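Asks: Under numbering that gives the first Met the number 0, the sequence shown has 41 at position 42, and the numbering climbs by one with no breaks.
If you scroll down you'll find the structure; I have some questions about it.
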Amino acid sequence: MGRCHANAFRAVAGLFDLPLEPKLTILADATDDLARRGADALGFARFTADWQALIDDPEVGIVAITAPNLLHAPISMAAIAAGKTVYCEKPLSTTAASALEMTEAAEAAGVITMVGFNFLRNPMIRLAREIITSGEIGDITGFRGRHAENYMASPDAPHSFRTDPAGGGALTDIGSHITSMARYLAGPITEVIADCQTIFPTRPVAPGHTRRAPVQVDDMTHALLRFENGAAGSIEANWAATARTLDLSWEITGTRGALAFSQERMNELHLWSGTRGRNGYTRIEAGPDHPPYGAFCPAPGHHLGFNDLKVIEVAELIAAHAGTENPGPDFREAYEVQRSIEAMQRSARSGAWVKL
Ligand SMILES: NC(=O)c1ccc[n+]([C@@H]2O[C@H](COP(=O)([O-])OP(=O)(O)OC[C@H]3O[C@@H](n4cnc5c(N)ncnc54)[C@H](O)[C@@H]3O)[C@@H](O)[C@H]2O)c1
Numbered sequence: 000m001g002r003c004h005a006n007a008f009r010a011v012a013g014l015f016d017l018p019l020e021p022k023l024t025i026l027a028d029a030t031d032d033l034a035r036r037g038a039d040a041l042g043f044a045r046f047t048a049d050w051q052a053l054i055d056d057p058e059v060g061i062v063a064i065t066a067p068n069l070l071h072a073p074i075s076m077a078a079i080a081a082g083k084t085v086y087c088e089k090p091l092s093t094t095a096a097s098a099l100e101m102t103e104a105a106e107a108a109g110v111i112t113m114v115g116f117n118f119l120r121n122p123m124i125r126l127a128r129e130i131i132t133s134g135e136i137g138d139i140t141g142f143r144g145r146h147a148e149n150y151m152a153s154p155d156a157p158h159s160f161r162t163d164p165a166g167g168g169a170l171t172d173i174g175s176h177i178t179s180m181a182r183y184l185a186g187p188i189t190e191v192i193a194d195c196q197t198i199f200p201t202r203p204v205a206p207g208h209t210r211r212a213p214v215q216v217d218d219m220t221h222a223l224l225r226f227e228n229g230a231a232g233s234i235e236a237n238w239a240a241t242a243r244t245l246d247l248s249w250e251i252t253g254t255r256g257a258l259a260f261s262q263e264r265m266n267e268l269h270l271w272s273g274t275r276g277r278n279g280y281t282r283i284e285a286g287p288d289h290p291p292y293g294a295f296c297p298a299p300g301h302h303l304g305f306n307d308l309k310v311i312e313v314a315e316l317i318a319a320h321a322g323t324e325n326p327g328p329d330f331r332e333a334y335e336v337q338r339s340i341e342a343m344q345r346s347a348r349s350g351a352w353v354k355l
């Protein structure tokens, strides 16, 4: 994700008309050697093995955090204290309590924050929200979403920060994406009941090791949701979904129509607008009519990719840093996502509905 961020900062000025042009000033990694190699490969002027030195650097205006989840809170808090704009990867933190602490510190300091829920930057997702808010598909009655990938589908996929009991698991890692999508499209979640399952009881302790250690987090979670607007629905977060690569998909039903999407075909949105005698979804293909697609390509059908979503995110971050309104998702929104996830985890332990 560090490379994805760096490449987005490198590309953004050539694609968007921005008030500021970013410079890759300094890269931090865990060791000098990693930091040097990263800086050389990605075009940073300087490097350090001490992230605090990066924050203290007077030339740094924006701190982009792509370190493991446990480091998001301390790095963010230090960057907020230094008055920097903070661009943090999801999940915002490892607990909702620390996500709230980060949010309140950022709001008290008046710094700009953004969180890497990049899938929301897709012009097709924005079109979906426009269709929903225009009333075209009526009142929203249902949201069914999943984020399913196969990167942990093998029992020999090793432990990493993603399986750390302090803030790891499929629900936190990728369930945060589909939860942010549910909130973006269907609004606040008010009540949840969830089932968290560990599919593989042990995994190798690290890449290339044969020694195995117990898995204490979920590989797969299913949750039922109730929304503030009266809609009901479900999400699945599954990193052991054999055959699935990036199935962040959802279907929304309304009283007059429906929408459907999958990130595996991220340049298409499917709309059914309830025309009598014309059952079946219509496929809308991404093109310059759907901003900011036209920043990348003047013709439809040429298609955006995952990394382009990060470029859009960075363009919006830089505009906010330069003083335009922050479109978010900011720390407060990411805290709300984390709060929803923690409610699902609590519900899975108690077996009961949990109100947010
Ligand atoms: N938005 C998305 O779609 C998306 C996708 C993948 C990952 N992520 C998020 O990005 C973050 C990183 O994930 P990843 O897959 O790139 O992990 P990774 O393990 O590949 O990279 C983590 C990096 O952090 C470095 N690091 C570790 N300790 C450090 C320290 N003390 N100081 C500085 N650097 C340190 C590591 O050396 C490594 O370079 C996670 O929070 C993850 O959830 C987001």
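Even glycine gets a Cβ: it sits at the ideal position worked out from N, Cα and C.
Keep in mind the model is a prediction, meaning the values are calculated, not measured.
Can you tell me which of the three DSSP states Y86 falls into?
Replies: As a working mapping, residue 86 is identified with position 87 in the sequence shown. Strand.
Asks: For P213, which beta-bridge partners are listed by DSSP?
Replies: In the sequence shown, residue 213 corresponds to position 214, counting from 1. P213 pairs with T201.
Asks: Name the one or two DSSP bridge partners that A236 has.
Replies: As a first step, residue 236 must be located in the sequence shown, where it is residue number 237. H146, T220.
Asks: Does the pairing of the region 334-349 with the region 86-105 give three or more beta-carbon distances under 8 Å?
Replies: A contact exists between the region 334-349 and the region 86-105.
Asks: Which of helix, strand or coil does DSSP assign to E324?
Replies: The residue given as residue 324 occupies position 325 in the sequence shown. DSSP places E324 in coil when its eight states are reduced to three.
Asks: Measuring alpha carbon to alpha carbon, tell me which residue in A181, P328, T30 is nearest A230.
Replies: The sequence position of residue 230 within the sequence shown is 231, counting from 1. Considering only alpha carbons, the answer is A181.
Asks: What residue range is occupied by the uninterrupted alpha helix (DSSP H) comprising V336?
Replies: Sequence index remark: in the sequence shown, residue 336 carries index 337 (1-based). 330-349 is the span of the alpha helix (DSSP H), which, as asked, contains V336.
Asks: Flag N121 as yes when its Cβ comes closer than 7 Å to any non-hydrogen atom of ligand 1, and as no otherwise.
Replies: Against the sequence shown, residue 121 aligns to sequence position 122. No, since every heavy atom of ligand 1 falls outside the 7 Å radius drawn around the Cβ of N121.
Asks: For the 8 Å Cβ check, are there 3 or more pairs between the region 291-302 and the region 171-186?
Replies: Not touching, per the Cβ criterion.
Asks: Take every Cβ of the region 257-272, pair it with every Cβ of the region 188-198, and state whether three or more of those distances are shorter than 8 Å.
Replies: Not touching, per the Cβ criterion.
Asks: So, T140 versus G256, is the Cβ gap smaller than 8 Å?
Replies: Reading the sequence shown from its first residue, position 141 is the one you call residue 140. Reading the sequence shown from its first residue, position 257 is the one you call residue 256. Not a contact, by the Cβ cut-off of 8 Å.
Asks: If you drop the 5 nearest sequence neighbours on each side, which residues of the same chain put their C-beta closer than 8 Å to that of Q51?
Replies: Numbered from 1 along the sequence shown, position 52 holds the residue referred to as residue 51. Contacts found: A77.
Asks: Across the region 158-175 and the region 204-224, are there enough close Cβ pairs to call them in contact, namely three or more that are closer than 8 Å?
Replies: Yes: the two stretches touch, three or more of their Cβ pairs being nearer than 8 Å.
Asks: Count the other CB atoms, across all protein chains shown, that sit within 10 Å of the CB of D307; report buried if there are 16 or more and exposed otherwise.
Replies: Mapped onto the sequence shown, residue 307 falls at position 308. Counting Cβ neighbours within 10 Å, D307 comes out buried, since at least 16 surround it.
Asks: DSSP three-state call for Y227: helix, strand or coil?
Replies: Against the sequence shown, residue 227 aligns to sequence position 228. Correcting the residue identity first, residue 227 is Glu in this sequence and not Tyr. DSSP places E227 in coil when its eight states are reduced to three.
Asks: DSSP state of R365, grouped into three classes?
Replies: What the structure shows of the chain is the stretch from 0 to 355, and residue 365 is not part of that stretch, so it cannot be assessed.
Asks: Assuming W238 and G144 are in contact, meaning their beta carbons sit under 8 Å apart, how far apart are those beta carbons, in whole angstroms?
Replies: Counting from one through the sequence shown, the residue named residue 238 turns up at place 239. Counting from one through the sequence shown, the residue named residue 144 turns up at place 145. Their Cβ separation, rounded to whole angstroms, is 15 Å, which puts W238 and G144 out of contact at 8 Å.
Asks: Pick from K22, A34, M0, T132: whose alpha carbon is nearest that of P67?
Replies: For the purposes of this step, residue 67 is taken as the residue at position 68 of the sequence shown. Minimum Cα distance to P67 is reached at M0.
Asks: What do you reckon, is the C-beta of P67 under 7 Å from a heavy atom of ligand 1?
Replies: Residue mapping note: residue 67 aligns to position 68 of the sequence shown, counting from 1. Indeed, a heavy atom of ligand 1 lies less than 7 Å from the Cβ.
Asks: Quick check: I234 and A242, are their CB atoms within less than 8 Å of each other?
Replies: Translated into positions along the sequence shown, residue 234 becomes position 235. Translated into positions along the sequence shown, residue 242 becomes position 243. Not closer than 8 Å, so no.
Asks: With 16 as the cutoff for other CB atoms within 10 Å, does F305 come out buried or exposed?
Replies: Looking up residue 305 in the sequence shown gives position 306. It is exposed - the Cβ of F305 has fewer than 16 other Cβ atoms within 10 Å.
Asks: At a cut-off of 7 Å, is N6 close to ligand 1 when judged by its beta-carbon and the heavy atoms of the ligand?
Replies: Numbered from its first residue, the sequence shown carries residue 6 at position 7. No, ligand 1 has no heavy atom inside 7 Å of this Cβ.
Asks: What separation, rounded to the nearest whole angstrom, lies between the Cα atoms of K89 and A314?
Replies: Position 90 of the sequence shown, counted from the start, is the residue given in the question as residue 89. Position 315 of the sequence shown, counted from the start, is the residue given in the question as residue 314. Between K89 and A314, the C-alpha separation is close to 18 Å.
Asks: Can you tell me which of I173, L91, Y280, F118 puts its alpha carbon nearest to the alpha carbon of Y334?
Replies: Residue numbering aside, residue 334 sits at position 335 when the sequence shown is read from its first letter. Looking at the Cα atoms, L91 is the closest of the given residues.
Asks: When DSSP labels each residue in this structure, what does M113 get in the three-state scheme?
Replies: Working through the sequence shown from its first residue, we reach residue 113 at position 114. Three-state result, M113: strand.
Asks: With respect to the beta strand (DSSP E) encompassing Q196, which residues constitute its N-terminal and C-terminal limits?
Replies: Within the sequence shown, residue 196 is the residue found at index 197, counting from 1. Unbroken beta strand (DSSP E) run through Q196: 188-196.
Asks: Return yes when at least one heavy atom of ligand 1 lies under 7 Å from the C-beta of N266, else no.
Replies: In the sequence shown, the residue the question calls residue 266 occupies position 267. No, ligand 1 has no heavy atom inside 7 Å of this Cβ.
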